[in-house]
Amino acid sequence: MGKKVQPEVTIVGAGISGLYVSYCLTELYGIAGDNICVVGDYLPGDSSANGYTSPWAGGNFSCISPSDENTLWYDKFTYQNLGALSKALLAHFKGKDGEWLGLARRPSSEYWDYDPPKTKIDSLRSYLENFRVYSKDELAKIKPSPPAFGITFKTWNFNCPVFLVNLATFLKEKHNVSFVKAKLTHIAQAKSYTNDKCSGSNDKHIIINCSGLGAKHIGGVADHNMYPTRGQVVVAAAPHVAENCLRWGKDYATYIIPRPGPLHELVLGGFLQVDNWNAQDTSKEETDDILQRTTTLLPKIGKPESVAVLKVAAGLRPSRHGGPRVEREDFDDDGHLVVVHNYGASGYGYQSGLGLAFKAVSLALKGDRSSKL
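Letter 254 of the sequence shown, counting from 1, is numbered 254 in full-length UniProt numbering, and no numbers are missing.
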């Protein structure tokens, strides 16, 4: 039998969701990068663009995600497979480490003002490294008031703008994946963007839609369930802080997330403002509130007025009513054009995204190929 011809694949969106999909295609399913093109309004390195959400994320594995069965699986898959992803990239970038790569391990503490869902805690307990529930005596020491519940574990931390560039570079250098900067008005336009190295010998084309908030407006999708959840963060220099610390309230979220790397940056947040489209402006009142909450939660940061602020930024999480959409559409009866949607992961794209990408790629290939897992 002859070798099975591989499909051409166009990935719409060059944020973390699109890059995870490209990684799954090449590293887990053995699809040649020559057959893959990533097209997006913005590309890794465009970290100053307000419409490009991925570089602005705090970037860690946390308890921000929902507690439904699917998301619990996406989280677990991602946590358990980030090690292999890190190993693959470090094997390519010889002599580098996780701090340089923008993906490294850190301790984390998370607290709730209420009892979190038992299903979520039971799931986390089954796979998180160094998982432990805090005692009541330990919780009593937390300011400004004792939380109802808390856990500690070993997590993954991202330096998001750095990691995006390094993952894209790996995909280009090792696998010949191509990246094109272009704005699409209809999802079907993606078919015209192919890798220049592709043989063009296969008439099957797969489009994987990782367009984030763009899915609300792009023709052929126009998903009105999409909405923004605005966040504002303070990036500070803090070489003396190496741990994550997060607190979840009924109407607020406070988080302290260290970025791997030599600059010792700390991302402080935050806000979860539903249907707020304003990513252009930041608010001094919100900045002051973030500094007050984070320094109270983790006093070792310092007094609010002594924090070495490097940057204040806002971003829009790509949220969706009903949760992420991971779904296949056959645009013609003979299967020559397939669209798989993978968007709507809100603020948990980094920590759920590898699982979402694996499912999306599985749907796209639909039995044509098996993964290496």
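Glycine included, every Cβ here is placed at the ideal spot set by N, Cα and C. What you are looking at is a predicted structure, and each value in this text was computed from that prediction instead of being measured.
Of the candidates Lys204, Tyr343, Asp113, Tyr114, the residue whose Cα lies closest to the Cα of histidine 336 is Lys204.
For tryptophan 73, there is no enclosing beta strand (DSSP E); the enclosing alpha helix (DSSP H) covers residues 69-92.
Contact annotation, proline 116 with phenylalanine 149: C-beta distance approximately 6 Å; criterion of less than 8 Å satisfied.
Between serine 370 and leucine 28, the gap from beta carbon to beta carbon reaches 7 Å or more. Using a Cβ distance threshold of 7 Å, leucine 246 and glutamate 69 do not count as a contacting pair. Under the DSSP assignment, serine 319 falls in the beta strand (DSSP E) whose first and last residues are 308-320. Put simply, the region 183-193 touches the region 204-217. At least three CB pairs are less than 8 Å apart. In the DSSP assignment, phenylalanine 170 falls within the unbroken alpha helix (DSSP H) covering 160-175.
Using a Cβ distance threshold of 7 Å, threonine 296 and lysine 141 do not count as a contacting pair.
For the pair proline 161 and serine 62, the CB atoms are not nearer than the 7 Å cut-off. Judged by DSSP in its simplified three-state form, proline 107 adopts strand.
Per DSSP, glutamate 329 is one residue of the beta strand (DSSP E) stretching across 325-330.
Distance from the CA atom of glutamate 327 to the CA atom of tryptophan 100, rounded to whole angstroms, is 35 Å. About 6 Å separates the Cβ atoms of leucine 184 and valine 12, confirming a contact at the 8 Å cut-off. Excluding five sequence positions before and after alanine 215, the CB atoms of its chain that fall closer than 6 Å to its own CB belong to Val221, Asp223, Met226, Tyr343, given in chain order. Bounds of the beta strand (DSSP E) holding glutamate 265 are 265-269. The straight-line gap separating the alpha-carbon atoms of aspartate 330 and arginine 106 is approximately 42 Å. Residue environment analysis places arginine 320 among the buried positions, since at least 16 neighbouring C-beta atoms fall within 10 angstroms of its C-beta. Within the same chain, Ile11, Ile208, Cys210, Asn342, Ala357, Ala360, Val361 come within 8 Å of valine 21 by CB-CB distance, once the 5 residues on both sides are set aside.
In the three-state reduction of the DSSP assignment, alanine 242 falls in the coil class. If you check the CB distance, serine 346 and aspartate 75 do not come in under 7 Å.
In the structure shown, glycine 353 adopts helical secondary structure according to DSSP, grouped into three states. One thing to note: proline 258 has its Cβ within 7 Å of the Cβ of valine 241. Counting of Cβ neighbours within 10 angstroms places histidine 217 among the exposed residues, the total staying below 16. For glycine 347, there is no enclosing beta strand (DSSP E), since its DSSP letter is neither H nor E. Glycine 269 places its beta carbon 7 Å or farther from that of tryptophan 56. Put simply, the backbone Cα of glutamate 138 is about 19 Å away from that of arginine 293.
In the DSSP assignment, serine 178 is bridged to Cys37. Distance between tryptophan 248 and aspartate 113, taken at the CA atoms: about 6 Å. Of all alpha-carbon atoms in Asn166, Gly302, Gly322, the one lying nearest the alpha-carbon of serine 67 is that of Gly322. For serine 178, the CB contacts under 6 Å within the same chain, skipping 5 residues up- and downstream, are Cys37, Asn195 in chain order. Closest by C-alpha distance to alanine 308, out of Leu128, Ser54, Leu263, is Leu263. With a threshold of 16 other beta carbon atoms within 10 Å, arginine 125 falls short and is exposed. Rounded to whole angstroms, alanine 279 and glutamate 173 show a C-alpha spacing of 33 Å. Annotation for glycine 231: no alpha helix (DSSP H) segment contains it, though the beta strand (DSSP E) segment containing it runs 226-237. Close CB contacts of leucine 363 within its chain, under the 8 Å cut and outside five residues either way in sequence, are with Val326, Glu327, Arg328, Val340 (chain order).
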